[in-house]
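A short worksheet on the structure shown next.
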Amino acid sequence: MTRLFLAVLLLLPTLALADVDARFAQLRDQAEALGSLSTFLDKYIGECAGVFVSPTCRKDAEAFRGKYGGRKLYMIVGEDAATMLSPGPYQPGSGNYTIQVIPYFPGSSYALTQGTPTQTDSAGNPLLPLIRISGTTPEGWAAPDFLRLFSGRQIRAQIVFTPQGVWTLPRKRGGKMQGVAARVEAILLTHSRTGEPLGLWFAEAPAASGGEKGKKGKKK
7 MTRLFLAVLL
17 LLPTLALADV
27 DARFAQLRDQ
37 AEALGSLSTF
47 LDKYIGECAG
57 VFVSPTCRKD
67 AEAFRGKYGG
77 RKLYMIVGED
87 AATMLSPGPY
97 QPGSGNYTIQ
107 VIPYFPGSSY
117 ALTQGTPTQT
127 DSAGNPLLPL
137 IRISGTTPEG
147 WAAPDFLRLF
157 SGRQIRAQIV
167 FTPQGVWTLP
177 RKRGGKMQGV
187 AARVEAILLT
197 HSRTGEPLGL
207 WFAEAPAASG
217 GEKGKKGKKK
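Note that this note's numbering numbers the sequence shown so that position 89 is 95, with each residue one more than the last.
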């Protein structure tokens with residue numbers, strides 16, 4: 007009985023991932039899963055700085071970028087790292103809500119972004135178009151329940167993206183910041199404890215994103 011119970015627990019994440027929109031599932035299944043965003047960004051950018059850098063570092067980075075040119079990738083952003091999410095408008099009567107996503111996904115010293123940022127705010131953070139994802143709360147929920155998703159870090163993000171190149175921006179106090187520009191193909195938001203879908207966004211849906219600019223969602 008104990009072994010059966012453990013087997014069911016191990017299957018729960020798989021079942022939660024399987025019970026999603028068919029279009030998202032198809033994109034996810036066509037993509038290569040990332041084990042570590044930080045490792046991917048390090049290899050893709052290939053800054054090659056430091057004393058103990060390999061002589062073939064830049065050549066290796068070029069080869070790595072060539073390998074992933076046009077290839078779809080899939081990653082999961084855990085609830086503790088999902089600092090790019092914030093609550094948008096909530097309608098008490100219908101339970102309809104909006105979750106705002108700043109498409110800045112940090113990994114070590116770099117970040118993956120939706121497109122190429124060209125400007126920074128007064129604090130030196132890249133400005134990026136805000137993505138809005140809509141949904142409806144379960145029956146019986148109120149505004150505090152919705153807000154608790156964020157204060158309690160209960161939202162997990164699954165993302166399919168295609169890397170498009172390296173971007174560089176100057177820092178306010180000298181030096182530079184770098185990241186990888188990508189086309190974010192789709193974002194699925196789920197409740198981290200139950201796996202219940204909270205919202206789904208596809209790149210080709212113009213009504214799902216706005217022209218408003220947002221700061222990067224990086225935790226200090």
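Where a beta carbon is used, it is the ideal one built from N, C-alpha and C, also for glycine.
These numbers come from a predicted model, not from an experiment.
Judged by DSSP secondary structure, residue 157 falls within the alpha helix (DSSP H) whose first and last residues are 149 to 157.
About 5 Å separates the beta carbon of residue 74 from that of residue 169, a gap short enough to meet the 8 Å contact definition. The C-alpha of residue 98 lies about 44 Å from the C-alpha of residue 48. Taking C-beta separations shorter than 6 Å and ignoring five residues to either side along the sequence, the partners of residue 27 in its chain run 206, following chain order. Rounded to whole angstroms, the Cβ separation of residue 39 and residue 80 is 5 Å, and the two are in contact under 8 Å. Following the DSSP letters along the chain, one finds residue 110 inside the beta strand (DSSP E) bounded by residues 110 to 113.
Under the DSSP definition of a beta bridge, residue 208 partners with 192. For the set 155, 146, 187 and 185, the Cα lying nearest the Cα of residue 201 is the one of 155. In this structure residue 94 touches residue 138 by the C-beta definition: roughly 6 Å separates them, less than 8 Å.
From the listed residues 29, 167 and 143, the smallest Cα separation to residue 105 is found for 143. Assignment of beta-bridge partners to residue 164 by DSSP yields 82 and 194.
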